[in-house]
Amino acid sequence: MKKLFLLLSLTLALVVATACGSNDENTSETSNASETNETSEDNSTEGESDDKAALLKNHVELANTLRSQYSAINDYIAALDEEDTDEETLETLKNDAITAAEEAINTLDSYELVQTDKLTDETASTFEEAIGDVKGAFEAYKSDLEADSNDFTAAEDKLSTYSEKVTPLFEDAGLSSTPDLASELQ
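Here it is, written out as structure tokens:
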């Protein structure tokens, strides 16, 4: 009985070992086939990936470039809503905001897209038009600030126009995020 049990145990172990060995071979063959398919898919989507990366890079770079100037303008607008802000502080914040708007305009005059070699001509052109709208927003901020206007709707509309122009580019590239520059600048 012991010999029979030992023989059955060894046979079962041999069957399991054989099954596992052949399964490993199939797994490695399947793995190699998967890697080959992934490589060809990677090559076909590499251009799309470059376009996505360039779009995101340009959007983030623009936001990073203008964040400090927008912050100065936003500080003044926030101070207008606070009742306890004294006139001297408001005047200082206003002058800082005007200077920041001028700096942003000058920066945008010479602003160049990054990774343009990875963007199509149409995408680059649309992005440059959108940057022109951002420049228009800072010009509107400056104009409103100098005129002592507390209505910055025109500037905010210009920033929204940037998003309206760039959103289709993001969608065409398969990006799920929306390029909301106003929120990126804060």
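For the sequence shown, our numbering begins at 998 and goes up steadily by one. Where a beta carbon is used, it is the ideal one built from N, C-alpha and C, also for glycine.
Taking the CA atoms as reference points, LYS1115 sits about 22 Å from GLU1161. Looking only at ALA1179, SER1065, PHE1167, the smallest Cα-Cα distance to ALA1134 is reached by ALA1179.
Membership of LYS1139 in the alpha helix (DSSP H) is indicated by the continuous run 1118-1143. The three-state secondary structure of THR1175, taken from DSSP, is coil. Fewer than three beta-carbon pairs drawn from the stretch 1120-1134 and the stretch 1089-1097 are found closer than 8 Å, and the two stretches are therefore not classed as touching. Going by DSSP, PHE1167 is part of the alpha helix (DSSP H) stretching over 1150-1169. The three-state reading of DSSP puts GLU1058 in helix, counting H, G and I together. By the beta-carbon neighbour count (other beta carbons within 10 angstroms, threshold 16), THR1120 is buried. For THR1096, the enclosing alpha helix (DSSP H) stretches over residues 1084-1106.
In the structure shown, LEU1063 falls within a helical segment according to DSSP collapsed to helix, strand and coil. Annotated three-state conformation of ASN1071 is helix, per DSSP. In the structure shown, LEU1110 falls within a coil segment according to DSSP collapsed to helix, strand and coil. Taking C-beta atoms as the reference points, ALA1101 and LEU1156 fail to come closer than 9 Å.
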